[in-house]
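These notes concern the structure reproduced below.
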Amino acid sequence: MAEVQPTRMELIKLRRRIRMAVRGHALLKMKRDGLIMEFRELLEEAKVAIQKMVENYNKARQKLLIAMALDGFTALRSIALSCCQIQPSFTLKKKSIMGVVVPVIKREKVARKAIEKPYGVLSTSVRVDEAVTAYEELVDSILEVAEIETTIRKLLEEIERTKRRVNALEYRVIPRMNELARFIAFKLEEMDRENIIRLKKLKMKKAKR
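Set out below in structure tokens:
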């Protein structure tokens, strides 16, 4: 406090800074609340996507067990190797959610039509085709969950950063500036009173002459 010059100009500058800090605090709170709303919506999406992934996993496992039991491991192994030759095609892009850059996976679905499959459909059983399709759908759902979870992590990081900035302004920066403004205002009032007393004394001296 002692280092601050208690002048009217200093008080004007400080009050301007306080107004800017208060506006910044309000904007950050709006951003924080908006991010939390987005986060909650994404959590619901994640629940649905994870449930779908689990269902696809159970379905794929069941289809595989049936195909193995009736068509044999050797037939499935050769088809699995041919399927492995084709990698999922996707590109990683970005989008902004309230200023937060999050990844977006632009991809072609792994699940393919019968004529697009990398093996002879006519030479395999329906059970094998169903098992392959089920696992392709599982990969699609895994990629969907991965995208949502990555976005959730990014939002959580930004929510925490924004919370820290809001709290710093609310509990440290703005209170300190308000306290400093009160101190300067008090000093100015004190100086005004001293000046008034000094002027009164001068008038009294002049009146006595």
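For what it's worth, the numbering used here labels the leading residue of the sequence shown as 700, then goes sequentially. For every residue, glycine included, the Cβ atom is placed at its ideal position computed from N, Cα and C.
Please report the straight-line C-alpha distance between E843 and L741, rounded to a whole angstrom. As a position in the sequence shown, residue 843 is number 144, starting the count at 1. As a position in the sequence shown, residue 741 is number 42, starting the count at 1. Computed Cα separation, rounded: 12 angstroms.
K793 and R801 - do their beta-carbons sit closer together than 8 angstroms? Residue mapping note: residue 801 aligns to position 102 of the sequence shown, counting from 1. Residue mapping note: residue 793 aligns to position 94 of the sequence shown, counting from 1. Note on residue identity: the sequence assigns Val, not Arg, to residue 801. Using a Cβ distance threshold of 8 angstroms, V801 and K793 count as a contacting pair.
Delimiting residues of the beta strand (DSSP E) encompassing L868: As a position in the sequence shown, residue 868 is number 169, starting the count at 1. L868: not part of any beta strand (DSSP E); DSSP gives it neither H nor E.
Near V703, which residues of its chain fall below 6 angstroms by C-beta distance, leaving aside the five closest residues on each side in sequence? If you number the sequence shown from 1, residue 703 lands on position 4. Closer than 6 angstroms at Cβ, skipping near neighbours: no residue.
One or two residues paired with L791 in a DSSP bridge: For the purposes of this step, residue 791 is taken as residue 92 along the sequence shown, with counting starting at 1. According to DSSP, which records beta bridges pairwise, L791 is partnered with I804.
Rounded C-alpha distance that separates Y756 from A766: Your numbering for residue 756 matches position 57 in the sequence shown. Your numbering for residue 766 matches position 67 in the sequence shown. Each residue's alpha carbon lies about 15 angstroms from the other.
Touch check for the region 729 to 739 and the region 840 to 859: three-plus C-beta pairs under 8 angstroms? Flag = yes, the region 729 to 739 and the region 840 to 859 touch.
Range covered by the alpha helix (DSSP H) that runs through Q704: If you number the sequence shown from 1, residue 704 lands on position 5. Element bounds for Q704: n/a, residue is neither H nor E.
Burial state of E846, where buried means 16 or more other Cβ atoms lie within 10 Å: If you number the sequence shown from 1, residue 846 lands on position 147. Within a 10 Å sphere around the beta-carbon of E846 sit 16 or more other beta-carbons, which makes this residue buried.
Residues bridged to I796 [DSSP beta-bridge criterion]: One-based indexing of the sequence shown puts residue 796 at position 97. According to DSSP, which records beta bridges pairwise, I796 is partnered with V799.
Round the Cβ separation of I711 and N877 to the nearest angstrom and send it over; I've been treating them as touching at under 8 angstroms. Indexing the sequence shown from 1 puts residue 711 at position 12. Indexing the sequence shown from 1 puts residue 877 at position 178. In this structure I711 does not touch N877 by the C-beta definition: roughly 15 angstroms separates them, more than the 8 angstroms allowed.
Residues in its own chain within less than 6 angstroms of A830 by CB, not counting five upstream and five downstream? As a working note, residue 830 is residue 131 in the sequence shown. Answer for A830: K762, L763 and A766, listed in chain order.
Alpha carbon to alpha carbon, how far is R714 from V838? Start at 1 with the first residue of the sequence shown, and residue 714 comes out as number 15. Start at 1 with the first residue of the sequence shown, and residue 838 comes out as number 139. When rounded, the distance between both Cα atoms is 58 angstroms.
Pick from E709, R707, G723 and T706: whose alpha carbon is nearest that of K862? If you number the sequence shown from 1, residue 862 lands on position 163. Nearest C-alpha to K862: G723.
Beta-carbon gap between S840 and A748 smaller than 8 angstroms: Here residue 840 refers to the residue found at position 141 of the sequence shown. Here residue 748 refers to the residue found at position 49 of the sequence shown. Cβ distance < 8 angstroms, so S840 and A748 count as in contact.
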